[in-house]
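Heads up, the thing below is written out as structure tokens.
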Ligand code: NAD
Ligand code: DAU
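In the numbering used here, the protein residues as written are 1 to 352.
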């Protein structure tokens with residue numbers, strides 16, 4: 001038995017693969033294009049492990065995907081592969097359209113063609129799990145209830161629009177062709193192997209490097225944070241027991257304004273790795289110009305997943321953020337390796 005994971009060298013994908021193989025002997029075929037966000041170093045613990053088969057390639061390469069499906073006959077495809085960073089989608093949306101829409105479409109087509117040829121039992125048990133985001137729902141006012149699965153889609157960035165398009169395609173393959181799909185819409189993740197372009201790892205990285213900690217706008221935008229292994233356990237649960245054609249919100253019940261997250265990180269670093277001059281890392285906080293179209297608030301109502309499938313997050317924000325800061329302090333080599341020339345070009349373009 002095997003599963004096909006796409007984007008399994010990225011932040012959430014690599015955590016998922018490591019987590020999966022820590023509790024199952026079922027082989028993972030890991031298809032990843034190794035863009036700037038994909039890093040095989042995340043999976044170095046699996047070197048020589050026959051249960052992990054890495055293939056460098058594009059989800060939009062129909063010949064390659066069809067060959068992998070024929071060869072390995074996975075019982076499920078879990079699609080993490082995407083361009084995932086909102087700010088990059090604002091500077092250059094094209095790759096987001098290419099991978100998140102066209103790539104997802106081609107992956108669905110490969111899956112449909114292969115699934116159509118399966119024998120009855122294999123056909124019945126097959127799953128296509130699409131990993132999506134809460135950003136497709138748009139933004140909330142401070143006093144609005146959290147997003148449920150029935151909230152209208154109102155994406156506000158090229159990134160969220162491209163994810164919304166892929167969610168719609170996935171839905172349509174269920175209703176039109178009967179492809180056995182399930183979709184998860186998750187809130188902001190954090191944890192090990194998070195690329196330092198995103199808020200939490202960027203702030204840890206900049207703090208230790210003595211650089212400014214950039215807060216967009218007034219810093220009062222709210223995100224709902226989930227520790228990455230909780231997202232992995234939710235995906236496993238939905239894969240196991242989710243109803244076909246359904247969508248499931250995944251969230252941590254951890255709404256925090258950005259400025260509070262950054263102050264927490266500063267205080268934790270003050271405790272675990274104090275600045276040489278004895279001052280607080282809070283002194284490095286710098287307010288910068290806002291992100292265009294910046295969504296004010298995300299909040300996930302994850303009660304459906306809890307009620308129907310019995311899933312709950314294991315970590316609180318307090319336990320998860322401490323683990324995360326400790327991981328970054330212990331893994332500075334990883335950070336140094338990913339903050340290469342390409343990374344520095346990005347920082348220059350974004351924060352000039
Ligand atoms: P990431 O950017 O860290 O990783 C994406 C991975 O996909 C990389 O390894 C990259 O090499 C690979 N990839 C990109 N284009 C590809 C292609 N055409 N073919 C094959 N591989 C390709 O992203 P992430 O943060 O790990 O997010 C994973 C998924 O989860 C995405 O679909 C994202 O939309 C979704 N998601 C992310 C979050 C979050 O907070 N990070 C929250 C909810 C949902
Ligand atoms: O909600 C789920 C989404 O969370 C995922 O779908 C995306 O893939 C993921 O990147 C994330 O999107 P965000 O835009 O919320 O994450 P990011 O870490 O980029 O930003 C978090 C918040 O912090 C957001 O309000 C913007 C703000 N921010 C971000 C950066 C990088 C800053 O204030 N300063 C910064 O330098």
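Quick reminder that beta carbons are idealized off the backbone N, C-alpha and C, glycines included.
Quick caveat, the model's predicted, so the values are computed rather than measured.
Query, Result
"Of the listed residues 243, 43, 115 and 106, nearest to residue 69 (C-alpha basis)", "115"
"Beta strand (DSSP E) runs contained entirely in the stretch 50-137, provided each spans 3 or more residues", "52-56, 76-79 and 127-133"
"Selected residue, minimal CA-CA separation from residue 285, among 297, 317 and 202", "202"
"Run of the beta strand (DSSP E) containing residue 421, from where it starts to where it stops", "Missing from the structure shown is residue 421; the chain here goes from 1 to 352 and no further."
"Burial state of residue 224, where buried means 16 or more other Cβ atoms lie within 10 Å", "buried"
"Buried versus exposed call for residue 241 [16 or more other C-beta atoms within 10 Å across all chains shown]", "exposed"
"Rounded Cβ spacing between residue 187 and residue 298 (contact assumed at less than 8 Å)", "6 Å"
"Helix, strand or coil at residue 224 [DSSP, three-state]", "strand"
"Residues bridged to residue 190 [DSSP beta-bridge criterion]", "227"
"Residue 268 versus 25, 330, 288 and 204, residue with shortest Cα-Cα distance", "204"
"Environment of residue 344 [buried if 16+ CB atoms lie within 10 Å]", "exposed"
"Residue 99, buried or exposed, once every other Cβ within 10 Å from all chains shown has been counted against 16", "buried"
"Reference residue 76; option with closest CA among 9, 230, 244 and 270", "244"
"Chain D within 9 Å of residue 238, Cβ atoms only", "Absent from the structure: chain D. Only one protein chain is present."
"In DSSP terms, what residue 274 is bridged to", "BP columns for residue 274 are empty, so no partner."
"Beta-carbon spacing of residue 86, residue 296 below 9 Å", "no"
"Cross-strand partners of residue 287 (DSSP beta bridge)", "215"
"Straight-line gap, residue 127 to residue 350 (C-alpha atoms, nearest Å)", "39 Å"
"Three CB pairs or more closer than 8 Å across the stretch 166-175 and the stretch 270-287", "no"
"Collapsed DSSP secondary structure at residue 33 in the structure displayed", "coil"
"Rounded separation between residue 222 and residue 142 - CA only", "9 Å"
"Residue 281 vs residue 213 beta-carbon contact at 9 Å", "yes"
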